[in-house]
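With the working numbering applied, the sequence shown corresponds to residues 1 to 135, in that order.
Structure first, then comments.
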Amino acid sequence: MRVFAVAADLESYPEWATGVSVVEILARDEAGRAERARFEVDGYIKKISYELEYEYDEPHRMSWRAVPGADIKDMEGYYEFKPREGGGTEIVYALRVEPAFVVPGFLRRQAEKQIVQAALRGLRKRADEMEAGGE
Numbered sequence: 001m002r003v004f005a006v007a008a009d010l011e012s013y014p015e016w017a018t019g020v021s022v023v024e025i026l027a028r029d030e031a032g033r034a035e036r037a038r039f040e041v042d043g044y045i046k047k048i049s050y051e052l053e054y055e056y057d058e059p060h061r062m063s064w065r066a067v068p069g070a071d072i073k074d075m076e077g078y079y080e081f082k083p084r085e086g087g088g089t090e091i092v093y094a095l096r097v098e099p100a101f102v103v104p105g106f107l108r109r110q111a112e113k114q115i116v117q118a119a120l121r122g123l124r125k126r127a128d129e130m131e132a133g134g135e
């Protein structure tokens, strides 16, 4: 499933994922997928750095959980990929973030919503570009 491959290619996130400036793979699983990665993102208020640990149920699900750090107290999320009848893929993206600094709840919820919308748009666009390019 092309969209799963795009989501699992963490190194390419700075090319298409809004706000992601750095991705460093810290550990890989037996299949060569990222098991742990460090990210730097534009957090609107400040640059945010965090590490995520990943689990995969290829090609159906990809989930992650943050390693608590200076910027992120807790974060968990997942992508689910479901084939549609007649072609295409339905993508479900869930995200919950608890920053290690004070952010009013309504702002945090708004930021989570914007992150999810931007990520889904970017993921879909990147997968479409790969398909058009024959990759």
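Virtual Cβ for every residue (Gly too), placed ideally from N, Cα, C.
The beta carbon of A127 is closer than 7 Å to those of R2, V3 and V6 in its chain, skipping five residues each way along the sequence. Uninterrupted beta strand (DSSP E) stretches at least 3 residues long and entirely within the segment 68–134 occur at 72–83 and 89–99, given in chain order. Residue environment analysis places F39 among the buried positions, since at least 16 neighbouring C-beta atoms fall within 10 angstroms of its C-beta.
Looking only at K47, G88, E53 and K46, the smallest Cα-Cα distance to E35 is reached by E53. Between I72 and L95 a beta carbon distance of about 12 Å is seen, past the 8 Å cut, so the two are scored as non-contacting.
Exclusion of the five residues before and after I25 leaves L10, E11, A34 and A37 as the residues of its chain whose Cβ lies within less than 7 Å of its Cβ. The alpha carbon of E55 has as its nearest neighbour, out of D42, A27, G69 and K47, the alpha carbon of A27.
Excluding residues up to 5 positions away in sequence, K73 and D74 lie with their Cβ nearer than 6 Å to the Cβ of E98 in the same chain. Here R65 is not near E58, since their CB atoms are 7 Å or more apart.
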